[in-house]
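Residue numbers (the UniProt record's numbering): 1 to 991.
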């Protein structure tokens with residue numbers, strides 16, 4: 001809990017609890033023949049240090065509570081706050097202090113005894129095994145181990161009454177003790193050796209040498225070393241590809257960064273206890289059978305191994321990439337961790353601090369160039385899979401797996417972070433005071449998790465055993481024997497019988513969908529990075545003037561569109577219940593990039609795909625695109641899938657279950673889904689109740705706004721919801737939605753941070769403000785100006801002008817562009833819609849479409865020049881690629897403010913030539929079909945639809961376009977609704 005500099009403050013208070021147990025450990029260790037005094041001292045020192053760290057985590061909050069209670073009750077002596085702190089420590093360092101707490105915390109002593117005794121017994125067990133095996137461990141260190149010099153207890157989670165991995169230093173070097181059978185490690189090492197002989201090229205895969213005892217073992221210690229030169233780097237990444245193939249065969253999971261060490265050219269798997277993992281039983285999620293099938297398919301691919309980059313989605317690990325291939329330095333979000341505030345005073349209390357994610361030892365270079373070496377990973381996966389298939393066809397693969405039969409493997413039923421959070425709750429002072437209600441709450445949480453997560457146990461006796469373990473400081477442990485697959489849970493409980501694991505793993509591997517596996521491996525690269533598409537290709541995708549082909553533009557446009565739509569149709573996962581799903585690289589503002597089934601949002605999800613298919617159908621009926629079979633059925637499936645998801649969420653809410661509040665925004669969130677519903681309804685291509693469903697979605701925005709106090713932007717927050725709510729008010733005539741827009745506008749005005757005539761909004765990532773449309777002040781200002789026009793209230797226009805002033809201040813005349821305050825790599829400015837000149841130029845052009853204001857022309861001219869100079873050739877997507885730049889340049893050309901010599905026809909020809917020459921490239925996912933509207937091929941398709949001179953499809957870069965009035969001017973019924981809501985605006989003006 002506490003930071004390292006604060007941790008010793010409670011040592012004296014906690015030390016009195018440990019004294020009897022440590023004395024007992026010393027006595028027993030001294031009785032072990034051959035365990036000499038220096039080794040005993042190393043063990044005792046480690047036990048004391050480990051126990052103090054454990055008790056700090058468990059009891060820190062309780063001690064802070066007691067400190068504050070003593071201060072409030074006048075029980076502390078001292079002239080100042082530091083002296084009173086020292087007085088509290090003196091009191092807490094006496095055993096009588098802890099005995100007096102037994103009345104208020106009746107279960108505390110029992111728990112402490114279990115924690116302390118378990119860890120002392122584990123330490124004693126280690127000492128006895130060290131003495132017994134000392135002479136047999138020479139091969140692990142390359143020499144007789146000699147005397148034990150240093151012990152590092154608690155190197156990882158504790159299981160089974162305080163047992164954990166231990167790091168040891170002896171005369172001969174370092175080695176590792178594991179309180180579990182290492183037969184599985186020995187079997188894997190043997191398999192790797194066999195495959196190196198069978199494979200037609202060298203492989204750098206490694207497993208450390210081990211000595212397996214009965215239920216425990218010793219492992220050689222692998223030291224991290226960076227690769228020396230390009231040859232070793234290629235060998236390392238090829239080794240990763242080989243590991244993916246082997247782990248896909250063996251059903252390996254949990255191969256995260258801490259379980260793999262880079263040792264020069266070798267990726268070394270140092271912990272392999274989670275092989276032959278049984279798949280979770282199938283479950284109806286309520287989102288449609290296609291979604292369930294997609295989830296099942298992707299979970300069964302190499303994505304489930306843990307090597308490929310992927311972002312966490314839950315609890316404290318949200319957005320964190322813990323994978324063995326990922327976990328890139330500089331690409332991880334910071335995490336909030338508990339810490340003591342005002343330590344050393346009687347005002348000490350628990351707070352939170354932002355900390356960096358620890359850097360693991362899984363990379364072969366200090367600045368890994370994953371994109372450069374990723375083709376080697378895929379190629380090596382293909383090659384090793386081919387070798388395994390040959391061995392299988394020859395009948396020689398199954399015998400190679402025979403050594404695994406009697407091995408015990410661990411089954412991870414719940415994420416360790418879930419257990420960690422539950423343990424924090426169970427050790428909270430309130431829980432220690434009222435143990436029964438706390439256990440009941442833990443019971444309920446674990447049961448509800450089991451209802452929603454197929455891999456989690458819901459059996460009553462298993463849950464009770466899990467809670468017992470957590471109360472005694474352990475992470476519950478589930479295991480099975482590979483031979484029979486019967487899962488044993490904590491404290492001897494029995495759970496599922498999954499059947500013989502080798503046969504099941506072979507069957508699953510033989511049924512492998514190789515194109516899907518390759519897609520997953522290619523796509524997973526993007527998950528390692530916070531942003532996709534900002535690093536330019538080695539060669540620009542934008543053609544030179546001489547290379548542009550100008551002939552047959554419409555024929556070529558139609559061909560590219562038809563190809564994208566046919567791939568959209570071909571990659572759809574369909575089910576008999578009428579639902580549909582896609583697996584693709586997807587972006588989530590909270591977690592980053594990951595490969596998963598598409599969600600419901602417009603940015604890269606199902607709402608966006610629905611708009612794309614509907615838009616193509618409109619153009620197809622008008623004869624402006626080629627016929628593509630099956631799109632009408634596909635549209636109906638998408639709408640049905642969206643309906644299923646909304647019905648499921650409504651049902652869960654009605655049952656009283658807590659759900660994570662949705663986002664608000666026009667691209668991620670409720671507003672994005674409302675906008676999609678309104679477009680489908682307007683085109684007559686939604687369901688019969690599209691408008692009703694849009695209203696139901698909008699009704700959840702009040703809760704969403706309350707749950708996200710710092711969510712202000714267009715992408716996910718209040719600004720994005722305002723124009724969509726105004727559009728909904730126009731479509732329905734319901735004034736409540738205009739009133740909601742006014743409320744959001746009032747909140748934005750109240751939350752603006754103003755200085756020197758400029759305004760910006762606090763953002764967790766950019767507390768000093770950020771420019772740009774999707775995330776920054778430009779988008780917020782644009783939305784507030786829309787609201788000002790709808791209501792006639794000057795308060796919104798005034799705040800919008802202050803925000804535009806913040807944007808103006810970012811323009812750098814030397815850079816000839818607006819500065820990008822994110823400061824990514826070496827780029828001072830950006831030329832994209834999300835961040836930079838494209839979004840800024842489009843916002844002003846949209847607000848002043850007739851160019852009545854000379855300032856609009858100036859901004860559009862600057863934006864077009866910066867975009868023409870910096871914003872082309874990176875990729876083809878709509879959010880931060882050529883499809884978005886095309887829209888800004890088209891607007892500039894039409895206003896006679898475009899770059900010299902650039903015409904609409906030459907702009908269209910250049911974009912088509914780029915796509916034809918390079919294929920559709922959307923950032924790091926360029927080799928994988930990604931249907932997303934903003935980040936994927938769907939956005940390029942949308943712009944190709946709009947390229948036709950007679951197309952009237954709206955811009956998707958201006959929220960609400962197509963249903964909100966032209967240039968942000970609301971239609972008549974919206975004016976009426978907004979006028980009736982104007983009282984809210986007037987109240988804001990007076991305050």
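Think of the CB as a built atom: it goes at the ideal place given N, C-alpha and C, for glycine as much as any other residue.
Do residue j and residue i have their beta-carbon atoms positioned less than 8 angstroms apart in this structure?
i           : j           : result
residue 728 : residue 782 : no
residue 35  : residue 127 : yes
residue 761 : residue 712 : yes
residue 17  : residue 85  : no
residue 170 : residue 149 : yes
residue 129 : residue 145 : no
residue 311 : residue 593 : yes
residue 293 : residue 463 : no
residue 870 : residue 831 : yes
residue 381 : residue 245 : yes
Closest to residue i by C-alpha separation, out of the options, would be which residue?
i           : options               : result
residue 828 : 810, 351, 392 and 217 : 810
residue 50  : 78, 62, 157 and 77    : 157
residue 116 : 596, 473 and 688      : 473
residue 375 : 235, 764 and 648      : 235
residue 200 : 748, 384, 859 and 65  : 384
residue 428 : 876, 48, 356 and 108  : 108
residue 366 : 832, 229 and 663      : 229
residue 400 : 626, 249, 733 and 605 : 249
residue 81  : 93, 92 and 67         : 67
residue 267 : 320, 296, 251 and 223 : 223
residue 694 : 674, 679 and 700      : 674
residue 357 : 599, 131, 320 and 391 : 320
residue 430 : 948, 61, 804 and 861  : 61
residue 834 : 879, 845, 869 and 746 : 879
residue 191 : 261, 290, 275 and 122 : 275
residue 447 : 457, 438 and 571      : 457
residue 634 : 619, 645 and 606      : 606
residue 468 : 491, 576, 450 and 638 : 491
Which first and last residues belong to the beta strand (DSSP E) in which residue i is found?
i           : result
residue 260 : 260 to 263
residue 178 : 173 to 178
residue 487 : 486 to 488
residue 167 : 166 to 170
residue 585 : 583 to 588
residue 219 : 217 to 220
Is there a Cβ from chain B that is less than 8 angstroms from the Cβ of residue i?
i          : result
residue 31 : Checking the listed chains, one finds no chain B in this structure; it contains a single protein chain.
Around the Cβ of residue i, are there at least 16 other Cβ atoms within 10 angstroms (buried) or fewer (exposed)?
i            : result
residue 942  : buried
residue 379  : exposed
residue 840  : buried
residue 1012 : Residue 1012 lies beyond the stretch modelled for the chain, which goes from 1 to 991, so this question has no answer here.
residue 102  : exposed
residue 659  : exposed
residue 20   : exposed
residue 2    : With a pLDDT of 41 at residue 2, under the threshold of 50, the predicted position of this residue should be treated as unreliable, though the coordinate-derived value follows. With 16 or more Cβ atoms within 10 Å of its Cβ, residue 2 is classed as buried.
residue 510  : exposed
residue 31   : exposed
residue 794  : exposed
Check the DSSP bridge columns for residue i and list the partner residues they point to.
i            : result
residue 817  : 812
residue 573  : 581
residue 480  : 409 and 487
residue 269  : 260
residue 760  : 753
residue 664  : 669
residue 1054 : What is shown of the chain runs 1 to 991, which leaves residue 1054 out entirely.
residue 151  : 168
With respect to the alpha helix (DSSP H) encompassing residue i, which residues constitute its N-terminal and C-terminal limits?
i           : result
residue 597 : Looking at the DSSP string, residue 597 is not in any alpha helix (DSSP H); the run it does join, the beta strand (DSSP E), is 592 to 597.
residue 497 : Counting along the chain, residue 497 falls outside any alpha helix (DSSP H), though it belongs to the beta strand (DSSP E) covering 494 to 497.
residue 357 : Careful: residue 357 lies outside any alpha helix (DSSP H) and carries neither H nor E.
residue 23  : 11 to 30
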